[in-house]
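Numbering (our numbering), first residue to last: 126 to 395. Idealized CB from N, CA, C, for every residue including glycine. Shown next, in structure tokens, is the structure this report addresses.
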Amino acid sequence: MLCSRIIKDGNRAVRIATWNVNSVRQRLEHLLNWLKEAEPDVVCLQEIKCQDDAFPRAEIEAAGYNIAVHGQKTFNGVAILSRHPMETTAGLPGDSEDIQSRYIEALVSHGDEVTRVASIYLPNGNGGPEKYAYKLAWMERLRQHAATLLALEESVVLAGDFNVIPEARDARHPENWTRDALFLPQTRTAYRALINLGFTEAIRATTDAADVYTFWDYTAGAWRRNDGIRIDHLLLSPQAADRLKSATVDRHVRSWEKPSDHVPVRIDLS
DNA sequence: ATGACAGGCGGGGCCTGA
């Protein structure tokens, strides 16, 4: 039955999404509603803000998803949901002392193809020099691991909250972000070093539009004034980029009651 | 401008986020 659906719906063999939910327990109803509406095959979640045993497994499994969780108490935490079978690895290589849960990777098998998907919660980097140093070090670890993944010559999708505003057009008011860790020159250079390995960023591969944002601060009426930034990204290896059909920001989710400050971003691969 | 919101923790404000 699954095979016949894929053949019949050939333009949409796999739909992959990323969403920083800002607490999966606070956002469970929104998540379930959005899963029903968007029908993603693979979902990368960030900021689940719970330990593995507190993740709302039963409700999400009932919606048809396998679940892999890499959580921690109070902060951070990432997860991957998949309608297809997957094998997962938690943690970003390169620093055994790093206890923050910000990376989980899955090899998803769909039909006779495989797609490797990572859920990434890149450090914010504001709040002092130590935090910014941690952000830059984490980005270098990600770059090194991404280079290893590219060498596999697989379809790879690095999806998540990168906490990087790539360009001025990715902020409604870029002048307000010039001293922010999300937009500092070193941050943007480190992000480009990752892209320049050979990744295609899905939104910019499909639109040149300004005013495409994925985050609006809770404060100061940012959503009402559309004072947003674009910091949630999907980076595609060449093999995945070959299969890219479309990229979409589910902007309307920000207007739901008690929303996350981020909205889902999703792609369709053939 | 270092504030407004929001969530977790834990039972009162404090830390963190972007």
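Contact check for K370 against D333 fails: the beta carbons are separated by 8 Å or more.
Within the model, the alpha-carbon separation for W302 versus G252 is close to 14 Å. L307 and A318 have their C-alpha atoms roughly 15 Å apart. Looking only at V167, P218 and F200, the smallest Cα-Cα distance to A193 is reached by V167. For T273, the enclosing alpha helix (DSSP H) begins and ends at P254 to L275. Here G346 is exposed. Its C-beta has fewer than 16 other C-beta atoms within 10 Å. By the C-beta density criterion, K198 is exposed, having fewer than 16 other C-beta atoms within 10 angstroms. Using a Cβ-Cβ distance cut-off of 8 Å, the stretch 252-270 and the stretch 335-353 are not in contact, since fewer than three pairs of beta carbons, one from each stretch, lie closer than that value. Judged by DSSP secondary structure, Y338 falls outside any beta strand (DSSP E); it is assigned neither H nor E. Per DSSP, the beta-bridge partners of H195 are V203.
In this structure H387 is buried. Its beta-carbon is surrounded by 16 or more other beta-carbon atoms within 10 angstroms. Where Q176 is concerned, there is no enclosing beta strand (DSSP E), because DSSP gives it neither an H nor an E.
Under the 8 Å Cβ criterion, the stretch 311-331 counts as touching the stretch 360-375, having at least three qualifying pairs. L157 is positioned such that its CB atom lies closer than 8 Å to that of A188.
Contact check between the stretch 210-230 and the stretch 268-281: three or more CB pairs, one atom from each, fall below 8 Å, which counts as touching. Beyond the five residues adjoining it in sequence on each side, E230 comes within less than 6 Å, by CB distance, of T214 and A243 in the same chain, given in chain order. Taking the CA atoms as reference points, F200 sits about 10 Å from R227. R304 sits exposed, since fewer than 16 C-beta atoms from the chains shown fall within 10 Å of its C-beta.
Note: G285 is bridge-paired with I245 and H358 in the DSSP secondary-structure output. The Cβ-Cβ distance between P165 and I185 does not fall below 8 Å. Taking C-beta atoms under 8 Å as the contact rule, R313 and P299 fail to qualify, at a distance of about 11 Å. At a Cβ-Cβ threshold of 8 Å, S148 and E172 count as neighbours. For Y190, there is no enclosing alpha helix (DSSP H), as DSSP marks it with neither H nor E. If you draw a 10 Å sphere on the C-beta of E154, you find fewer than 16 other C-beta atoms in it, and that means exposed. Counting only residues of its own chain and dropping the five nearest sequence neighbours on each side, Y259 has a CB closer than 6 Å to the CB of P248.
Nearest to R368 by C-alpha distance, out of V282, I320 and D352, is V282.
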